[in-house]
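First the structure, in the form of structure tokens, and then the observations on it.
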Amino acid sequence: MRSLCFAAVSTVMLCLPSATFAGDADAEEQAAIDAAVEHVASSVVQIQTVGGRERVEGVLFGAGPTTGLVVDPDGYIISSAFNFVNKPSSILVRLPGGDRRPAKLVATDHARMLVLLKIDAPKPLPVCDIVPRAEMRVGQWTIAVGRAFDSPRPNVAVGILSAVHHIWGKAIQTDAAVSPNNYGGPLVDIRGRVFGVLAPLSPDAAGEIAGVEWYDSGIGFAVPMEHIQQVLPRLKKGEDLRPGLAGVSLKTPNPFTSPAIVTAALAKSPAAAAGIKPGDEIVDVDGRAIRRAAELREELGRRYAGDAVHLTVLRNKKRIVCELQLAEKIVPFQHGFLGILPMRSGENDEKGVAVRYVYPNSPAETAGIVAGDVIVSLSGAAVRDRTALAEQIGNVEPGGKIEIEVRRGDDVQKHTIALASLPEDLPPKQLPAASNGDGEAFPESAHAGGARLQIPEFPNEIWVYVPSGHAAEEPRGVVVWLHGPRGYDWRAILGAWKSHCDQDNLILTAPKAAGADWTPDEAALVDHLLTEICGKYAVDPARVTVHGYESGGNLAFLAAFRNREAIRAVAAVEALPTSPPPENEPSHRLAIYLALAGKSKLQPMSEPVQATLRKLKIPVVSKKLGDATRYLNAKELSELARWIDTLDRI
Amino acid sequence: VRGGEKREQGGEKVKLAILILQFAIVFGFLAAPAAADIPETIDQVQPKMVKLYGAGGIRGLEAYQSGFLISADGYIITVHSHVLDTDYITAVLSDGRRHEAKLVGADPRLEVAVLKIDAAGLAFFDLNKAVRLDTGARILAFSNIFGVAVGEEPVSVQKGTVAAVTRLEARRGVFETLYRGPVYVLDVTTNNSGAAGGALVNRRGELAGMLGKELRNSLNNTWLNYSVPIDELRRSVDDIRAGKFVATRATDASKKPQRPIDLASLGIALVPDVLDRTPPYVDSVRPGSPAAKAGVRPDDLIVLLGDRLVQTCKTLHADLETIDYDDTVVLTVLRGQDLLRFSLRTAGEANPTKKDTP
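Residue numbers (my numbering), protein chains in the order written: chain A, 1 to 650; chain Z, 1001 to 1358.
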């Protein structure tokens, strides 16, 4: 009998909650939301600004009121940096009672896009309660609170906690509507305790307005309050906080599965200073084990410039602890320039590097070096060949001093020379021959018209022309020609380039787009093609150039930026890079040749793009063609060929 | 959990629990007719919604919007818009019945229109039973957003919260709508193509507002999802139905005094207005002027006119036009880090013209 009763009870219990108690639950939820907002409301202030710019980065900014959160009874208020991007001339804080106070911007956290304001508080301001990070659970109620409207009560948006560990560990996420209506305000739990401060953030982009495009989308972010409390003392002192950089490049096909193996410690970076080397695997950051590259990015991403961090690396199966201090920015490495072109032949005949040409007004010319001189030693050590010389001088930046010995006849002179930066001029009108064997007549080879080449996995039609006649051991430069959208005609391409290939000992290769036009995936084709050619022929690594017209130019930039190990130059006609290249490495020199028509639609972007490249210390030669958009004519093409011929400059 | 506890405490209590529960089942339902069960609420609201089709379909203007019934004999209210700008308005009821709708009248100031179809015995919202909502109230919004529903398909339902109860800022250019009154701002994207004229209800299905048009908030350059409270519409709707509605157009000009004050009369010259948003810094103060007497100084930044924030030279000039020449002008300025409040009066000044008597 009793068991029957139990059965009855449980049946009843099961069908109850959805029906009878629903009304009460709804009222209770409503009351809880109201109470939560009420609980935090006295700490949520309205911020008004006067003056300021109307547009920032092309985005129109309203001057409407925004929100801040009291974090200290003394009158410290945290808000979103977004609310101040237009650089207003003054800031007023309106307290919940209506009292207005002028505010000063004390400091900015550029890593999390927050600002700290200070007002003279008339009396101690109420400070909110905080949800400890350990108590956060995805699925919890969240209420986003702001003061953007003309209303005595703060505005609210209700949702749930969507994630507690996003934007590389810096933010929590909610599906409540987050927008300029509540940026700078608190995200609270159902008890009115603060999870964090709402701010637009983006996992990929940095900057004050990154992430704004996601407003009211169901993807909103907040910086955890616990973190804000930790950095509050620094912000109060007026210290601006910025993301901390270590300066390691990782080569990771997939950062979520691959270990954090260093491909380079950027020159002049904290990582380089701490002795981190290519090939090191980073396995621990301040006691947290790192198994994947993404974990390293997250762990370093939450730190600030100036923070000290201990990285443990695995090198030759040994664990080595490196201490480094994260930097605010890493000054890009710039390659130094002596001012000569080296001779390319006769390298095995005698020690040293013979000078082919001396650039006017270069450090070499100032030192009195002339063509025909032979550089025999650098820093007291004998110079093996031009590649070794270029590599050693490539480690020195402009202004840095080198000591060389130069032989002229039987006379050897020592020079101490301060290097300059790589030239950005069009090439000299005339250049002496690069090798002594030049000029002799050579028979037309069987492949005078070029040969077909096939790269496994790629359906593309590829032609290649290899000049004959030069000494077989003399390494050749490479030009990869990427056609524009108006088609591919190998005979025409070779017709234009053949004489230059023969004269300058350049291999010309031109793949054809697999489809109607190039796709970004075909950048990998360029990698494979270069590997194939380097495997078949002796290639001069200093003169590997990718050359493209229009869409081919875009692909050329894409290919060069992802393969800085192999590609030394991009020559683009009617194309600009769409993203910045990776940082300079001493051993990865890159030069860029840009040719644009005077009336090209790219012309307005040209200056800013060049400025970005120069900021990264990449030399850019800019050539203005006639008004109409077109490919290079014969004269311009020989100038480009001459430019390619100077790429082994030292 | 509670059931489990009781189970251990013996038969008597179990029986009692069953009794209480049965009681709750039998009487609980009856005693709470408006329990906020969302599916039930939706079932109860849907028959009151109509899909409206009219003019449009070109230049990105949709030829459809939403509306709802306010009487058993076929009165419908909706937003006054271009869709109604035709002799052929079609109303499709939730059961798929199509009716030709007649435009009874509209109040352009409130952007509300009343339509009528020939029908009887329809489910409807009684405007006299409409409720008011507070910030934080959880709502459901019913509309034919993007025209997704056709024929007998019910309109779309969205859930959300009243983000704020506020007034649309009356200053020109902030909101491109004629309506200047209280609104419910919602935290959900309700105001999209075709949604205007939809119904805003609370969780019990009680009518609270009519969804507005697509509207941008130029104060912070975001889309504003708003709904007009029924209380604001009721009188105009009743008048339109009774055939005694007279359109009153409140224009900006009517609010302006015949002789407004200006900065020159106060003795203030601002810095040259050269930027998009030149902050209103005082460049010079004429000696002996009302401003000088009150204590305004060069380099003061004017931040408030009365209680209204002044953000640029342009808005200061525009806002002064709403103040009568003879009224006291209260300016708050920022000097260093101090907010200082000054009352300026032109009365007693050498007044070049006599006051017009209305």
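For each residue, glycine too, the CB sits at the ideal point set by N, CA and C.
Would residue i count as contacting chain A if we go by Cβ distances under 9 Å?
{"i": "L1219(Z)", "result": "yes"}
{"i": "D1276(Z)", "result": "yes"}
{"i": "V1165(Z)", "result": "yes"}
{"i": "G1136(Z)", "result": "yes"}
{"i": "A1035(Z)", "result": "Only weak support is given to the placement of A1035(Z): the predicted model assigns it a pLDDT of 48, under 50, and the question is left unresolved by the model."}
{"i": "L1334(Z)", "result": "yes"}
{"i": "T1222(Z)", "result": "yes"}
{"i": "A1253(Z)", "result": "Interpretation of A1253(Z) is limited by its pLDDT of 47, a score under 50 that renders its predicted location unreliable; the figure taken from the coordinates is listed afterwards. Not an interface residue."}
{"i": "P1280(Z)", "result": "yes"}
{"i": "F1342(Z)", "result": "no"}
So residue i contacts chain Z; which residues on that side make the cut at Cβ distance below 8 Å?
{"i": "R642(A)", "result": "Residues of chain Z passing the Cβ test: none, with the nearest at roughly 49 Å."}
Tell me whether residue i counts as near the ligand FMN, meaning its Cβ is closer than 8 Å to at least one heavy atom of that ligand.
{"i": "E1232(Z)", "result": "Although the ligand FMN was asked about, the structure shown includes no ligands whatsoever."}
Within 9 Å (strictly less), CB to CB, does residue i reach chain Z?
{"i": "A22(A)", "result": "With a pLDDT of 49 at A22(A), under the threshold of 50, the modelled position of this residue cannot be trusted; read the value that follows with caution. Yes, its Cβ sits closer than 9 Å to a Cβ of chain Z."}
{"i": "S18(A)", "result": "Caution applies to S18(A), whose pLDDT of 41 falls short of 50 and renders its modelled position unreliable; the model cannot decide the point."}
{"i": "F149(A)", "result": "yes"}
{"i": "T142(A)", "result": "no"}
{"i": "T174(A)", "result": "no"}
{"i": "P200(A)", "result": "no"}
{"i": "R153(A)", "result": "yes"}
{"i": "G64(A)", "result": "yes"}
{"i": "A177(A)", "result": "yes"}
Over the uninterrupted beta strand (DSSP E) stretch that includes residue i, give me the two end residues.
{"i": "T578(A)", "result": "Per DSSP, T578(A) belongs to no beta strand (DSSP E) and is neither H nor E."}
{"i": "K401(A)", "result": "401–408"}
{"i": "R1167(Z)", "result": "1156–1167"}
{"i": "N155(A)", "result": "155–166"}
{"i": "D1283(Z)", "result": "1282–1285"}
{"i": "K104(A)", "result": "100–109"}
{"i": "H415(A)", "result": "411–418"}
{"i": "M605(A)", "result": "Segment 603–615 is the alpha helix (DSSP H) holding M605(A); no beta strand (DSSP E) there."}
{"i": "A1101(Z)", "result": "1098–1107"}
In the DSSP assignment, find the alpha helix (DSSP H) that holds residue i and state where it starts and stops.
{"i": "L1316(Z)", "result": "1313–1320"}
{"i": "F458(A)", "result": "Careful: F458(A) lies outside any alpha helix (DSSP H) and carries neither H nor E."}
{"i": "F82(A)", "result": "Per DSSP, F82(A) belongs to no alpha helix (DSSP H) and is neither H nor E."}
{"i": "P233(A)", "result": "225–236"}
{"i": "W497(A)", "result": "490–504"}
Give the residues of chain A in contact with residue i, contact being defined as C-beta atoms less than 8 Å apart.
{"i": "T1090(Z)", "result": "Simply none; closest approach about 32 Å."}
{"i": "Q1337(Z)", "result": "P102, K104, D120"}
Which residues of chain Z have a Cβ atom closer than 9 Å to the Cβ of residue i, listed in chain order?
{"i": "E54(A)", "result": "L1275, D1276, R1277"}
{"i": "A210(A)", "result": "Near A210(A) there are no residues of chain Z at all, since even the closest Cβ is about 16 Å away, more than 9 Å."}
{"i": "P216(A)", "result": "For the sequence presented, residue 216(A) should be read as Asp rather than Pro. D1187, V1188, T1189, T1222, W1223, N1225, listed in chain order."}
Strictly below 7 Å CB to CB, what residues from chain A border residue i?
{"i": "T1161(Z)", "result": "V156, A157, V158"}
Sort out for me which residues DSSP pairs residue i with in a bridge.
{"i": "A148(A)", "result": "Note: A148(A) sits in no beta bridge, so no partner."}
{"i": "R476(A)", "result": "V539(A)"}
{"i": "A1123(Z)", "result": "DSSP output for A1123(Z) lists no bridge partner at all."}
{"i": "M1049(Z)", "result": "F1068(Z)"}
{"i": "S306(A)", "result": "A small correction: the amino acid at residue 306(A) is Gly; Ser does not occupy that position in the sequence shown. Answer by DSSP bridge pairing: none, since G306(A) is not bridged."}
{"i": "S1143(Z)", "result": "S1156(Z)"}
{"i": "Q48(A)", "result": "L92(A)"}
Contacting positions in the stretch 29–50 of chain A - beta carbon closer than 8 Å to chain Z: E29, Q30, I33, D34, V37, Q48, T49, V50
Residues, ordered as in the chain, of the stretch 98–124 of chain A that lie near chain Z by beta-carbon distance below 8 Å: R100, R101, P102, K104, D120
Which residues, in order along the stretch 179–193 of chain A, keep a beta-carbon less than 7 Å from a beta-carbon of chain Z? S179, P180, N181
Chain A contacts made by the stretch 1293–1312 of chain Z, where a contact means CB separation under 8 Å: Taken in chain order, the members of the stretch 1293–1312 of chain Z whose beta-carbon sits within less than 8 Å of a beta-carbon on chain A are L1301, V1303, L1304, L1309, V1310, Q1311, T1312.
In chain order, what residues of the stretch 1186–1209 of chain Z put their CB closer than 9 Å to some CB of chain A? L1186, D1187, V1188, T1189, R1203, R1204
In the stretch 76–95 of chain A, which residues sit with their C-beta less than 7 Å from some C-beta in chain Z, listed in chain order? S89, S90, L92
Relative to chain Z, which residues along the stretch 283–302 of chain A have a C-beta separation below 9 Å, given in chain order? none
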